[in-house]
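Peer 1:
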Amino acid sequence: MNWLAHAYLSKANIEFRVGNILPDLVSITELRKFTPPFQEGIVCHKAIDAFTDSHPIVRNSVGRMPANYKRYGGILTDVFYDHFLAKNWATYSSIGLHDFSRHFYRDLDRIEREVPEDILSKFKRLFEHNIFETYQEVAGVNIALQRIDLRLRRPANLGAATLVLLENYDLYEAEFAVFFAQLRKHIAPYLLQP
Numbered sequence: 019m020n021w022l023a024h025a026y027l028s029k030a031n032i033e034f035r036v037g038n039i040l041p042d043l044v045s046i047t048e049l050r051k052f053t054p055p056f057q058e059g060i061v062c063h064k065a066i067d068a069f070t071d072s073h074p075i076v077r078n079s080v081g082r083m084p085a086n087y088k089r090y091g092g093i094l095t096d097v098f099y100d101h102f103l104a105k106n107w108a109t110y111s112s113i114g115l116h117d118f119s120r121h122f123y124r125d126l127d128r129i130e131r132e133v134p135e136d137i138l139s140k141f142k143r144l145f146e147h148n149i150f151e152t153y154q155e156v157a158g159v160n161i162a163l164q165r166i167d168l169r170l171r172r173p174a175n176l177g178a179a180t181l182v183l184l185e186n187y188d189l190y191e192a193e194f195a196v197f198f199a200q201l202r203k204h205i206a207p208y209l210l211q212p
């Protein structure tokens with residue numbers, strides 16, 4: 019799952035939510051430096067990724083990628099799934115996506131002493147570009163994939179992969195709905211711990 023799903027599948031505190039995204043941004047060595055409230059989120063992130071990467075529905079979604087995107091199938095599927103989460107946000111949350119995003123951004127100020135500046139700036143860019151809300155539209159998915167492509171050693175034109183999404187839209191959406199219900203159930207114990 020991508021960042022929106024990790025933020026959503028979190029306890030309400032900012033440390034947990036940031037911790038649930040950190041493994042995508044820093045090395046294992048750097049992760050060990052964070053305090054216990056962040057560690058809870060880091061553990062949850064790893065549980066989400068392990069469940070996702072081994073799930074047959076996700077493997078099916080990834081397997082649908084054409085040959086030129088096979089290597090990036092997991093990344094693309096994660097972003098596609100975040101699109102469906104954002105698009106159907108009201109199904110999963112009583113708090114609007116706009117408010118959820120704003121609260122996350124506002125709460126970052128509370129932890130700026132605990133998170134290295136370079137990592138904090140990545141989180142702030144996420145919200146400057148309004149990533150969570152732009153995921154609601156396929157055009158936003160395209161922009162997100164273009165940004166990911168810029169971080170690759172060899173660009174792979176990931177933005178064009180939105181065509182794969184559009185060609186199989188209903189199928190991806192149906193797979194996401196079934197998978198996400200199972201993921202939420204699997205992750206629930208991580209969110210109930212004191």
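Everything in the sequence shown is counted per the numbering used here, starting at 19 for the first residue and increasing by one. All C-beta atoms, glycine included, are put in the ideal place defined by N, C-alpha and C.
Between the region 76-91 and the region 113-130, can you find at least three pairs of beta-carbon atoms closer than 8 Å?
Peer 2: Short answer: they don't touch.
Peer 1: Using a 10 Å radius around the Cβ and a threshold of 16 neighbouring Cβ atoms, would you call A179 buried or exposed?
Peer 2: Counting Cβ neighbours within 10 Å, A179 comes out buried, since at least 16 surround it.
Peer 1: Buried or exposed: which applies to A162, given that a residue is buried once 16 or more other Cβ atoms fall within 10 Å of its Cβ?
Peer 2: With 16 or more other Cβ atoms within 10 Å, it is buried.
Peer 1: A104: which of R120, P41, F150, K88 sits nearest, CA to CA?
Peer 2: Residue F150 is the option with its Cα nearest to A104.
Peer 1: From A192 to L184, what does the alpha carbon distance come to, in whole angstroms?
Peer 2: Taking the straight line from one Cα to the other gives about 13 Å.
Peer 1: Using the Cα positions of L138 and R165, report the straight-line distance between them to the nearest angstrom.
Peer 2: Cα to Cα, L138 sits roughly 18 Å from R165.
Peer 1: What residue does the alpha helix (DSSP H) around H116 start on, and which one ends it?
Peer 2: H116 -> alpha helix (DSSP H) spans 115-125.
Peer 1: If contacts are defined as beta-carbon pairs under 8 Å, then V36 and V133 qualify, I think. What distance do you get, rounded to the angstrom?
Peer 2: Yes, they are in contact, since the Cβ atoms of V36 and V133 sit about 7 Å apart, within 8 Å.
Peer 1: With respect to the alpha helix (DSSP H) encompassing K105, which residues constitute its N-terminal and C-terminal limits?
Peer 2: Unbroken alpha helix (DSSP H) run through K105: 91-105.
Peer 1: If you reduce the DSSP assignment to three classes, tell me which class Y153 lands in.
Peer 2: Looking at Y153 - three-state DSSP - the assignment turns out to be coil, as it is neither helix nor strand.
Peer 1: Taking all protein chains shown into account, decide if V196 is buried (16 or more other Cβ within 10 angstroms of its Cβ) or exposed.
Peer 2: V196 should be labelled exposed.
Peer 1: Quick check on F145: does DSSP put it in helix, strand or coil?
Peer 2: Looking at F145 - three-state DSSP - the assignment turns out to be helix.
Peer 1: Alpha carbon to alpha carbon, what distance is there between N86 and I93?
Peer 2: I93 and N86: Cα-Cα distance of roughly 13 Å.
Peer 1: Residue range of the alpha helix (DSSP H) that F194 falls in?
Peer 2: Counting along the chain, the alpha helix (DSSP H) containing F194 begins and ends at 187-210.
Peer 1: Taking the beta carbon of L40 as the centre, do at least 16 other beta carbons fall within 10 Å, making it buried, or is it exposed?
Peer 2: By the 10 Å Cβ count, L40 comes out buried.
Peer 1: Residues in its own chain within less than 8 Å of D71 by CB, not counting five upstream and five downstream?
Peer 2: Taken in chain order, the residues that qualify are G92.
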